[in-house]
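Just below is one structure, and these are the notes that go with it.
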Amino acid sequence: MKPKIAVLMGGRSLERGVSLKSGRRIARALNERGYVVLEVDVDESMVSTLMAEKPDLAYIALHGKGGEDGTVQELLEVLGIPYTGPGPLPCIIGFNKVLSKELFIANGIPTPRYYTISSSALEDMGASALLKVVWEKLGGPIVVKPAAQGSALGVKIVEDPAALGPALIEALSYDDRVVIEEFVRGTEIAVAVIDDDVPRALPAVEVVPESGFFDFDSRYTAGKTEYFVPARLTEDVAAEAARIAVEVHKLLRCKDLSRVDMIVRDDTPYVLELNISPGMTETSLLPLAAEAAGMYFADFVERLVELALKRSK
Amino acid sequence: MSPEIIFDPYSRLYSEASSLMRSSAVRDLMSVIGRSDVISFGGGLPFIGGLPPEDISSTMCSVMEKSMAVAFQYGETGGREELKLALLEVMAAEGIHAEPDHVLVTTGSQQALDLLGRIFLDRDDPIVMEGPTYLGALSAFLPNGPEVIHIALDDEGIQVDELERRLDARSGADPKFIYVVPNFHNPAGVTMSLERRKRLLDLASRRNILVIEDNPYGLLRFKGEPMPPLAAIDPSNVVYLGTLSKIVSPGIRTGWACGPAPIIERLSILKQGADLCSSSVNQMFAEEYIRRGLWLRNVENLKPIYRSRRDAMLRALEKNFPDGSHWTLPGGGMFIWASLPDFLDTQKMLPLAINEKVAYVPGTAFYADGSGANQMRLNFSYADEDLIAEGLKRLGKVIRKEIELYHSLGLDRE
Numbered sequence: 125m126k127p128k129i130a131v132l133m134g135g136r137s138l139e140r141g142v143s144l145k146s147g148r149r150i151a152r153a154l155n156e157r158g159y160v161v162l163e164v165d166v167d168e169s170m171v172s173t174l175m176a177e178k179p180d181l182a183y184i185a186l187h188g189k190g191g192e193d194g195t196v197q198e199l200l201e202v203l204g205i206p207y208t209g210p211g212p213l214p215c216i217i218g219f220n221k222v223l224s225k226e227l228f229i230a231n232g233i234p235t236p237r238y239y240t241i242s243s244s245a246l247e248d249m250g251a252s253a254l255l256k257v258v259w260e261k262l263g264g265p266i267v268v269k270p271a272a273q274g275s276a277l278g279v280k281i282v283e284d285p286a287a288l289g290p291a292l293i294e295a296l297s298y299d300d301r302v303v304i305e306e307f308v309r310g311t312e313i314a315v316a317v318i319d320d321d322v323p324r325a326l327p328a329v330e331v332v333p334e335s336g337f338f339d340f341d342s343r344y345t346a347g348k349t350e351y352f353v354p355a356r357l358t359e360d361v362a363a364e365a366a367r368i369a370v371e372v373h374k375l376l377r378c379k380d381l382s383r384v385d386m387i388v389r390d391d392t393p394y395v396l397e398l399n400i401s402p403g404m405t406e407t408s409l410l411p412l413a414a415e416a417a418g419m420y421f422a423d424f425v426e427r428l429v430e431l432a433l434k435r436s437k
Numbered sequence: 035m036s037p038e039i040i041f042d043p044y045s046r047l048y049s050e051a052s053s054l055m056r057s058s059a060v061r062d063l064m065s066v067i068g069r070s071d072v073i074s075f076g077g078g079l080p081f082i083g084g085l086p087p088e089d090i091s092s093t094m095c096s097v098m099e100k101s102m103a104v105a106f107q108y109g110e111t112g113g114r115e116e117l118k119l120a121l122l123e124v125m126a127a128e129g130i131h132a133e134p135d136h137v138l139v140t141t142g143s144q145q146a147l148d149l150l151g152r153i154f155l156d157r158d159d160p161i162v163m164e165g166p167t168y169l170g171a172l173s174a175f176l177p178n179g180p181e182v183i184h185i186a187l188d189d190e191g192i193q194v195d196e197l198e199r200r201l202d203a204r205s206g207a208d209p210k211f212i213y214v215v216p217n218f219h220n221p222a223g224v225t226m227s228l229e230r231r232k233r234l235l236d237l238a239s240r241r242n243i244l245v246i247e248d249n250p251y252g253l254l255r256f257k258g259e260p261m262p263p264l265a266a267i268d269p270s271n272v273v274y275l276g277t278l279s280k281i282v283s284p285g286i287r288t289g290w291a292c293g294p295a296p297i298i299e300r301l302s303i304l305k306q307g308a309d310l311c312s313s314s315v316n317q318m319f320a321e322e323y324i325r326r327g328l329w330l331r332n333v334e335n336l337k338p339i340y341r342s343r344r345d346a347m348l349r350a351l352e353k354n355f356p357d358g359s360h361w362t363l364p365g366g367g368m369f370i371w372a373s374l375p376d377f378l379d380t381q382k383m384l385p386l387a388i389n390e391k392v393a394y395v396p397g398t399a400f401y402a403d404g405s406g407a408n409q410m411r412l413n414f415s416y417a418d419e420d421l422i423a424e425g426l427k428r429l430g431k432v433i434r435k436e437i438e439l440y441h442s443l444g445l446d447r448e
């Protein structure tokens with residue numbers, strides 16, 4: 125009989141809705157392939173449910189806080205249940221943009237220049253006086269993002285220094301710390317890495333805003349963004365992006381699957397962030413990339429489960 | 035605002051109207067409303083717990099026993115005649131005396147809003163809506179591409195003087211209609227005074243502008259007699275929308291439009307293409323429920339419950355909201371509309387609130403033009419008094435924290 129897989133989804137993060145869609149789609153695919161599937165909408169009963177059900181593997185389809193930041197991974201370590209994706213420490217580092225950027229920089233991986241400010245620095249140390257300095261040092265436009273938040277929530281592109289304060293307020297709704305980054309103008313791509321002992325990159329997906337300028341609204345509105353897979357890059361640049369994605373995956377000790385978002389400027393890919401639990405809905409990026417590599421969704425999901433199960437033995 | 039990029043391979047096929055559809059500004063964040071750990075003031079859900087199960091099941095059984103063959107068959111597009119007669123009784127309770135030919139049964143009054151938008155509006159046609167206005171009306175009207183003119187509300191409802199000023203100052207055609215929610219406004223809580231009703235109707239009639247009166251909450255008045263509906267004062271120029279959602283149940287999807295016969299006829303033709311007919315089962319349940327007088331009993335049961343919850347919310351607002359805030363004092367209905375100090379942005383603040391396990395609907399959801407940034411709608415029908423007190427305590431804390439942040443950034447100058 126095929127193994128029993130608990131698909132962990134939903135939960136209480138702000139990405140709950142997307143996670144439920146991802147999780148259900150994954151559960152259906154695994155069901156089709158004959159696995160015994162347990163759908164778990166994560167809440168206070170999760171631990172007791174897992175202890176009672178004793179699944180062979182937990183497929184983590186949670187997004188954002190709780191699912192990508194090491195929280196659920198730590199619990200699964202205690203329970204002794206194997207799971208998809210990386211262990212607690214890589215999650216903690218990967219989920220935190222400041223920690224991961226510092227790691228990239230320390231290892232010579234290109235990433236946009238940035239500063240970070242916390243809400244306590246603003247409230248207790250008068251850091252708001254520095255905003256002008258930050259703007260001068262980075263040069264506009266600037267991207268403001270919460271330091272620890274798994275998705276596009278709270279991300280704002282700021283073209284006018286007067287808008288920097290309000291952008292900080294928005295980002296600080298999601299986390300106590302913000303990353304303030306130079307806006308790198310270029311081709312935005314996302315590279316999925318699938319890890320079968322040897323990590324390899326799937327064809328990059330290029331994301332293009334219809335408006336021609338990469339502002340927040342166009343990025344996250346359905347239909348206003350076009351995509352090209354494989355991305356329209358020269359062979360050399362595509363190879364370099366793939367190499368960097370694999371390097372990031374290895375550096376953060378990712379497992380099974382990850383997605384690295386980058387912007388290519390003057391043939392140099394700059395890493396924006398790493399995502400260890402990317403969306404898997406019917407309108408998500410990663411399944412598209414997999415399809416472009418000739419992998420149907422159900423095959424793709426099954427492959428990940430096999431990898432994770434293999435690792436656990 | 036979706037947390038992730040959405041790839042839609044069909045986007046090149048969609049109509050222009052569908053691209054004008056407005057995804058609620060907070061729709062994705064609001065999926066957290068389903069979380070049991072969040073005290074939500076964000077919904078518009080009536081308190082269903084008050085419906086006696088025996089009444090519901092005996093009514094349903096009687097429908098099944100009497101007329102299953104009819105209940106499970108297609109019915110007339112315009113709705114069942116028996117239901118129309120029952121709805122006339124419901125309208126009469128507020129002073130409207132109409133005839134069955136002036137009534138169209140709809141699948142919730144939301145369908146009536148949708149059909150009205152489609153029979154009246156071409157692209158760029160101007161319409162008047164209150165500021166703020168009902169979110170569902172915006173969803174229904176906006177895909178037709180109208181120009182929305184918001185006229186501010188005050189304690190007495192829509193500011194008729196302001197409306198007249200704006201109409202005089204405009205060039206181009208007069209608006210196709212004025213859409214109002216005169217009783218216990220959603221989201222603002224206020225009720226249009228009698229004087230404003232008369233002046234609004236007078237203005238509308240002089241300038242040949244139709245009035246759409248949407249009245250889900252009129253019977254949920256905590257004290258005193260219902261105000262005369264606009265449709266009772268000037269039936270020839272008003273399309274009245276009613277619904278059983280808040281006084282019986284939203285699950286039976288039963289509402290209606292009552293207005294001049296030619297308009298009802300036209301709506302009916304469009305409805306044919308929309309859903310052929312509303313659910314026969316639902317209609318039969320509704321007419322039986324009304325016939326038994328159960329709906330009146332239900333309304334009387336709800337009033338003290340909602341009143342007590344309203345009072346709990348008002349007390350908690352007084353206790354927890356900062357100086358510089360103010361809020362409406364509804365005499366009925368389900369909502370209070372709160373305004374925070376000008377510099378705050380309730381949409382930006384929402385994730386922080388959710389983190390503290392409390393939710394509301396940010397004010398910008400209720401305007402077509404981005405106004406309402408410092409405002410929020412708070413629903414008091416759903417949570418009980420203890421949860422209301424606790425929820426507003428949490429919300430007060432969030433607001434204070436946010437004000438501190440604005441202050442540290444020097445952005446708290448009004």
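Each protein sequence line maps, in turn, to chains A and B. Just remember that the working numbering sits 124 ahead of the position in the first sequence, which is counted from 1. Just remember that the working numbering sits 34 ahead of the position in the second sequence, which is counted from 1. All C-beta atoms in this analysis are idealised placements derived from N, C-alpha and C, irrespective of residue type, glycine included.
If you draw a straight line from the Cα of A423 of chain B to the Cα of F41 of chain B, it is about 42 Å long. The C-beta separation of L386 of chain B from E436 of chain B comes to about 7 Å, placing the pair in contact by the 8 Å criterion. Chain-ordered listing is empty here: chain B has no CB closer than 8 Å to the CB of Y420 of chain A, the nearest sitting near 16 Å. The beta carbon of G406 of chain B sits closer than 7 Å to those of P166, G397, T398, F400, all from its chain and outside the five residues before and after it, given in chain order. By the C-beta criterion, the region 270-280 of chain A is judged to be in contact with the region 289-304 of chain A, since at least 3 inter-stretch pairs fall below 8 Å. A contact between stretches requires three or more CB pairs, one per stretch, nearer than 8 Å, and the region 170-182 of chain B fails this requirement with the region 118-129 of chain B.
Contact between R447 of chain B and F377 of chain B holds: CB atoms are separated by about 7 Å, below the 8 Å threshold. Of the other Cβ atoms in all chains shown, fewer than 16 fall within 10 Å of the Cβ of R434 of chain B; this residue is therefore exposed. R324 of chain A has A:I318 as its beta-bridge partners, per DSSP.
Rounded to whole angstroms, I150 of chain A and V171 of chain A show a C-alpha spacing of 21 Å. K379 of chain A is positioned such that its CB atom lies closer than 9 Å to that of L431 of chain A. One thing to note: Q317 of chain B has its Cβ within 9 Å of the Cβ of V139 of chain B. Beta bridge pairing from DSSP links T277 of chain B with B:G289. Against chain A, a Cβ distance below 8 Å from K382 of chain B picks out P290, I293, E294, S297. Within the same chain, Cβ atoms closer than 8 Å to the Cβ of I153 of chain B are found at I297, R300, L301, L304, the five residues on either side in sequence being excluded.
Bridge pairing for P396 of chain B: B:M410 [DSSP]. Spanning the alpha carbons of E177 of chain A and R435 of chain A requires a straight line of approximately 21 Å. Listed by position along chain A, the residues whose Cβ is nearer than 8 Å to that of E438 of chain B are E247. Under the rule that a run must span 3 or more residues, the beta strand (DSSP E) segments found entirely inside the region 153-190 of chain A read 160-165, 181-184.
Leaving aside the five residues that flank Y394 of chain A on each side, the residues in its chain whose CB is nearer than 8 Å to its CB run, in chain order, P234, T235, P236, V308, G310, M386, I387, V388. The distance from the Cβ of P284 of chain B to that of P86 of chain B is about 17 Å, inconsistent with a contact at the 8 Å cut-off.
Residues of the region 214-247 of chain A with a C-beta atom less than 8 Å from some C-beta of chain B are S243, L246, E247, listed in chain order. Close partners of S401 of chain A in chain B (Cβ separation under 7 Å) are lacking, with about 11 Å as the shortest Cβ gap.
Between the alpha carbons of L410 of chain A and V222 of chain A lies a gap of roughly 24 Å. About 4 Å separates the CB atoms of V268 of chain A and A291 of chain A; that is less than 8 Å, so the two are in contact.
By the neighbour-count definition (other C-beta atoms within 10 Å, threshold 16), S270 of chain B is an exposed residue.
Proximity of G444 of chain B to chain A, defined by a Cβ-Cβ separation below 9 Å, is satisfied.
Chain-ordered, the chain A residues with CB closer than 8 Å to the CB of I388 of chain B read L138. DSSP places P385 of chain B within a helical segment (H, G or I) once states are collapsed to three. For a Cβ distance threshold of 9 Å, nothing in chain A lies close to D188 of chain B: the least Cβ distance comes to about 29 Å. Closest in C-alpha terms to L357 of chain A, from the list A:V372, A:P323, A:T392, A:R324, comes A:T392. In this structure, the beta-carbon distance from R148 of chain A to E163 of chain A falls below 9 Å. The residues A422, E426, in chain order, have a CB closer than 7 Å to that of R157 of chain A in the same chain once the five nearest residues on each side in sequence are set aside. Ranked by how close their Cα comes to the Cα of L122 of chain B, the residues B:V224, B:S342, B:E321 have B:E321 in first place.
Per DSSP, the continuous alpha helix (DSSP H) segment holding G218 of chain A begins and ends at 212-219.
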